[in-house]
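Residue numbers (our numbering): 42 to 278.
Idealized CB from N, CA, C, for every residue including glycine.
Note that the coordinates shown come from a computational prediction; the quantities given were computed from them, not determined experimentally.
All remarks here apply to the structure that follows.
Okay, structure coming up:
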């Protein structure tokens, strides 16, 4: 397999660091099958691109996945479920026009210090959508009103199993106090269980980055160290 290495650029998560990415550079007929292998080795996708951090002096990024059959919500997560019990979720394979206005409002009100601000439709399309493996969308609604969307990849592995991979979640900014980010991960886990998926991949955990540490609260979870997945049953390593 062929890979390319990007130039070094400022890290999005650790302000005193630079980062580089290892990018999958093969042209294949079945990238969906190849991604099913690569995600188990710590790769992610953004748009059509498959990548993994490859920083010479830093190993802070750790891939995290939840074995959904073993997951049990904590007491605080059960409270989040109860708080949002009036909402309903459905899984859709077809994107809807109402997604983008919600995404735009989410980015422009909650992430003004991020690289995706200000939101625009071209950036949204290039980040969310994928030609070789179109994502599915977990929609959350309050009655008929769309209040959150979890963009999720459906991954097929070479051993015949399948997983979900959480790409990005956006929601109505006024619902921030309802722990919508946590609730949407719980909904992805629930849909993964009902669809007999093995894992929910959550992307990268960076212990030094406070805004990433919510991932460690989903237990048990597994982290990738030296190409081996290690299980964590508590927040204490």
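For the putative contact between residue i and residue j, defined by C-beta atoms under 8 Å, what is the C-beta separation to the nearest angstrom?
i           : j           : result
residue 250 : residue 54  : 4 Å
residue 213 : residue 188 : 5 Å
residue 118 : residue 216 : 17 Å between Cβ atoms; not a contact.
residue 124 : residue 219 : 6 Å
residue 233 : residue 109 : 4 Å
residue 169 : residue 80  : Not quite, the Cβ-Cβ distance comes to about 17 Å (not below 8 Å), so this is no contact.
residue 136 : residue 205 : No, residue 136 and residue 205 are not in contact; Cβ-Cβ is about 17 Å, not under 8 Å.
What separation, rounded to the nearest whole angstrom, lies between the Cα atoms of residue i and residue j?
i           : j           : result
residue 65  : residue 261 : 30 Å
residue 142 : residue 60  : 31 Å
residue 183 : residue 128 : 5 Å
residue 131 : residue 273 : 30 Å
residue 88  : residue 171 : 5 Å
residue 51  : residue 58  : 6 Å
residue 267 : residue 154 : 33 Å
residue 211 : residue 258 : 20 Å
residue 147 : residue 194 : 21 Å
residue 231 : residue 86  : 23 Å
residue 180 : residue 270 : 30 Å
residue 192 : residue 223 : 14 Å
residue 247 : residue 164 : 25 Å
residue 99  : residue 245 : 14 Å
residue 95  : residue 256 : 21 Å
residue 70  : residue 126 : 43 Å
residue 120 : residue 145 : 29 Å
Between residue i and the rest of its own chain, which residues show a CB-CB distance below 6 Å, the 5 nearest in sequence each way excluded?
i           : result
residue 106 : 240, 242, 263
residue 254 : none
residue 225 : 189, 191, 210
residue 114 : none
Where does residue i sit, in a helix, a strand or coil, going by DSSP?
i           : result
residue 168 : helix
residue 145 : helix
residue 249 : coil
residue 238 : coil
residue 244 : strand
residue 130 : strand
residue 76  : helix
residue 190 : strand
residue 101 : coil
residue 109 : coil
residue 255 : helix
residue 46  : strand
residue 55  : coil
residue 70  : coil
residue 260 : coil
residue 270 : strand
residue 61  : coil
Hey, quick one: how far does the alpha helix (DSSP H) through residue i stretch, first residue to last?
i          : result
residue 87 : No alpha helix (DSSP H) holds residue 87; the beta strand (DSSP E) holding it covers 85–87.
residue 81 : Careful: residue 81 lies outside any alpha helix (DSSP H) and carries neither H nor E.
residue 14 : The structure shown does not extend to residue 14, since the chain spans only 42 to 278, so no value can be given for it.
I'd like to confirm something about residue i: is its beta-carbon nearer than 7 Å to some heavy atom of the ligand COA, or not?
i          : result
residue 56 : This structure does not include the ligand COA; it has no bound ligands of any sort.
Excluding the five sequence neighbours on either side, which residues of its own chain have a C-beta within less than 7 Å of the C-beta of residue i, listed in chain order?
i           : result
residue 173 : 72, 73, 89
residue 265 : 83, 103, 104
residue 43  : 66, 67
On the DSSP letters alone, give me the boundaries of the beta strand (DSSP E) that residue i sits inside.
i           : result
residue 208 : 203–212
residue 139 : No beta strand (DSSP E) holds residue 139; DSSP gives it neither H nor E.
residue 185 : Looking at the DSSP string, residue 185 is not in any beta strand (DSSP E), and its letter there is neither H nor E.
Please check if any C-beta of chain D sits within less than 8 Å of the C-beta of residue i.
i           : result
residue 192 : Here there is only one protein chain, and chain D is not present.
I'd like the list of long-range same chain contacts for residue i, defined as Cβ closer than 8 Å, with 5 residues on each side in sequence excluded.
i           : result
residue 149 : 158, 159, 160
residue 48  : 61
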